[in-house]
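Numbering (our numbering), first residue to last: -4 to 115.
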């Protein structure tokens, strides 16, 4: 699961960096485009710590799920609040991508936790 966490973290980081670079090239860069990268960096760090410390693995994986759940809830909530006035833009696409990746990670993690619990 730690490797999976790092992979999802890298995907979120790429979403943030690509969004920011697109904004720079379009002339309207905003640091908020890097929010997915911040969440991704946290996931990457939790995954790396989980790999390096067997004793902290369970705690880091639970922390990673909490971060991903927050990423999903905050991003999806923001999109839902503006659902009537949404126009597909790079910012909206980035938010949709972040919400989707975070939700996918939460689902994969819950399945992994359930399997691990059954195996005990």
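For every residue, glycine included, the Cβ atom is placed at its ideal position computed from N, Cα and C. All figures in this text were calculated on a predicted structure; none of them were measured in a lab.
- The residue from 1, 32, 4, 3 with its alpha-carbon nearest to that of residue 16 is 32.
- Here DSSP, grouped into helix, strand and coil, assigns residue 48 to coil.
- Comparing C-alpha distances from residue 41 to each of 50, 29, 55, 51 shows the shortest one belongs to 55.
- Of all C-beta pairs linking the stretch 17 to 25 to the stretch 60 to 79, fewer than three are shorter than 8 angstroms, placing the two stretches out of contact.
- For the pair of segments examined, the stretch 72 to 82 was found not to touch the stretch 43 to 55: the number of CB pairs separated by less than 8 angstroms stays below three.
- In terms of CA proximity to residue 101, 58 leads the group 58, 12, 36.
- Runs of the beta strand (DSSP E) lying entirely within the stretch 24 to 82 and spanning at least 3 residues: none are present.
- Burial of residue 62 is indicated by the presence of at least 16 other C-beta atoms within 10 angstroms of its C-beta.
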